[in-house]
Structures are given as C-alpha cells and as structure tokens.
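Participant: Numbering (this note's numbering), first residue to last: 3 to 306. This is the structure I have questions about; it appears just below.
Here it is, written out as structure tokens:
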C-alpha cells in the first residue's frame with residue numbers, strides 16, 4: 003500500500019487545491035468513546051480528473067514521525083490515484099519526506115472506467131439486478147469467484163476486495179474468460195452491506211479471512227457483521243465461512259450459537275469443486291479446513 007513517512011507536518015488550510023487535486027477538509031479522528039485521537043486526522047480528497055472522492059489518513063507513530071496513507075474505508079483504484087494525492091499533499095504542505103513508495107507508474111494496470119469495476123456510488127444509485135445476487139468477501143486470487151460465476155451465469159456475483167493486485171488479476175480474468183456476471187468493488191465489506199437492500203442476497207462467501215488473532219477488532223466477523231448479513235440474505239440464504247484457523251472457527255461459532263434468526267451447519271475438510279492455491283498447500287501440510295454455514299430463517303424489513 004502506498005504511503006509516505008514525514009517529519010511532523012503542518013496541517014494545510016482547507017479547502018484548497020493543487021493541480022487536479024482538491025483538499026476539501028481535514029477532520030480530527032475520534033475513537034469509539036468519542037475522544038479525539040492524538041495527532042490523527044482524516045483528509046477529504048477530490049481527484050477532478052478521475053472524478054474520485056476518498057480520504058487520506060495522517061497519524062503519528064511511536065517515533066513522533068507521521069504516516070500519510072489512504073484511509074482503508076474509501077480505497078480507490080488504480081493505486082496511482084492515491085499516490086498522486088499523497089504526493090500533492092506533501093508538496094502543498096511543504097513537508098519533509100523521510101520515506102516514500104509513491105512513484106507513479108505511467109501505465110495504469112486498471113482502467114478506471116472498466117465495465118466490471120464499480121464504486122460504492124453505483125450500488126447506492128444505479129444497481130439493479132433481476133438475477134439472484136451472491137457476494138464473495140475478500141476473493142483473493144479470484145479462483146473461487148470466477149469458477150462460481152462461470153458455472154452459474156444466471157447469478158449476479160459481487161466480489162469485494164481491498165487488495166489492488168487481486169482486483170487487477172480478477173478483472174483481467176473476467177475479460178480473458180468472457181465472464182459477464184461479476185461486478186468488482188474495492189470497498190470494506192462491513193460498510194458495503196449497509197447499502198444493500200434487505201432480503202436480496204442468496205449467498206455470502208467469506209473464504210479464508212485474515213484471522214487477526216492479535217487484533218480481533220479487525221476481524222470481518224462480528225455481531226454487527228452477522229446481523230447485516232442476515233438482513234440482506236433472502237429467506238434460506240446462507241453466510242458461508244471457510245477457514246484454516248481453529249481459533250477463528252471457534253470465535254465465529256461462539257458468535258453464531260443460539261442466533262434466533264438462523265440455523266448453523268458445520269463441516270471439516272469438506273472438498274469443494276474449486277480450491278485456492280493456499281488451501282491446496284494447507285491440505286498438503288495436514289491442516290484442517292473448517293466450514294461454518296449460517297442459513298437465514300427470517301424475512302427482514304426493508305431499509306430506507
């Protein structure tokens with residue numbers, strides 16, 4: 003992920019602009035107890051050429067240096083858009099750069115107007131489908147997503163991923179394999195589901211999420227995530243977890259136990275039609291693969 007390490011910079015006055023970038027405002031970051039975080043800010047950006055709105059994050063580290071990077075909730079592609087904004091901020095703030103990996107590649111790997119790459123605004127304003135919808139969260143190499151889409155052309159798939167090289171790879175494969183029933187979104191899944199209407203989704207796949215054993219607050223699965231998943235799932239729709247982590251399996255099972263809105267089924271070392279290269283490697287190492295499937299019982303009220 004592109005980022006720049008700075009000596010303590012002066013905050014710029016907003017709104018202001020430089021070349022193609024508008025700096026709309028700077029806001030102080032707050033934690034869950036509504037207390038401001040020391041030396042941590044969000045910077046609202048508008049790229050006028052690419053017509054993209056997103057946030058940068060500026061925060062201090064233990065050495066009293068400052069890290070400037072893209073905010074994870076509003077990531078955009080291609081990554082050169084972020085690099086350009088980072089470079090423009092350091093220029094307009096006249097900050098001293100201690101480290102940077104923001105050299106811009108003139109030949110972007112992702113066409114910003116790629117027909118299968120959509121931003122969140124599309125799903126808020128324009129998305130409609132007569133097909134059943136299925137979502138894969140964190141599709142990685144895209145092997146499972148592409149296999150499902152190719153073998154189920156009657157289903158509209160949505161792939162969520164925040165890793166840019168994975169997005170680029172999936173978009174290339176969609177073209178090469180002539181797969182037309184997949185939309186790709188570079189967005190946090192936990193936030194994305196809030197924009198989906200109730201009772202719309204047939205399946206949600208979460209295959210091999212990062213366990214985050216040392217930082218459990220970053221896990222995809224939480225009570226809030228499960229409740230949102232149940233809301234957008236159709237009656238008898240499923241939320242399907244697949245993991246090689248026993249700790250993550252136990253954690254998720256604890257969250258799902260005794261839910262009034264769903265039924266749980268569990269499998270260990272179940273063979274699927276398609277597997278990732280990492281899953282193949284783990285099986286050769288003798289690691290167990292755990293599946294936890296939650297089936298939705300209820301029909302939920304529509305959201306406004």
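Positions of the beta carbon are idealized from the N, C-alpha and C atoms, including for glycine.
Exposed or buried, what is residue 239 when buried is set at 16 or more other beta-carbons lying within 10 Å of its beta-carbon?
Facilitator: Its Cβ being crowded by 16 or more others within 10 Å, residue 239 is buried.
Participant: For residue 2 versus residue 170, is the C-beta distance shorter than 8 Å?
Facilitator: For the chain, the structure presents residues 3 to 306; residue 2 sits outside this window and is missing.
Participant: Are the beta-carbon atoms of residue 280 and residue 254 separated by less than 8 Å?
Facilitator: Contact flag unset, no.
Participant: For residue 146, count neighbouring Cβ atoms within 10 angstroms of its own Cβ and tell me buried if that reaches 16, exposed if not.
Facilitator: Result: buried.
Participant: Out of curiosity, what's the CA-to-CA distance linking residue 234 and residue 291?
Facilitator: Their Cα atoms are separated by approximately 27 Å.
Participant: Please state if the CB of residue 232 and the CB of residue 204 are separated by a distance shorter than 8 Å.
Facilitator: No, the pair does not count as a contact, with Cβ atoms beyond the cut-off.
Participant: Measuring only the C-alpha atoms, how far is residue 293 from residue 47?
Facilitator: Using only the alpha carbons, I get a separation of about 41 Å.
Participant: Alpha carbon to alpha carbon, what distance is there between residue 65 and residue 117?
Facilitator: Between residue 117 and residue 65, the C-alpha separation is close to 44 Å.
Participant: Just confirm the distance between the C-beta atoms of residue 101 and residue 136, as a whole number of angstroms; I'd bet it's less than 8 Å.
Facilitator: Actually they do not touch by this definition, with Cβ atoms about 41 Å apart.
Participant: Can you give me the start and stop residues for the alpha helix (DSSP H) that residue 237 sits inside?
Facilitator: Taken as a continuous stretch (DSSP letters only), residue 237 belongs to no alpha helix (DSSP H), being part of the beta strand (DSSP E) at 235-245.
Participant: To which residues of the same chain is residue 190 closer than 6 Å at the C-beta, ignoring the five residues directly before and after it?
Facilitator: Here the set comprises 75.
Participant: Using 10 angstroms around the beta-carbon of residue 267, count the other beta-carbons present and answer buried if the total reaches 16, otherwise exposed.
Facilitator: Under this definition residue 267 is an exposed residue.
Participant: Between residue 250 and the rest of its own chain, which residues show a CB-CB distance below 6 Å, the 5 nearest in sequence each way excluded?
Facilitator: These residues qualify, in order along the chain: 213.
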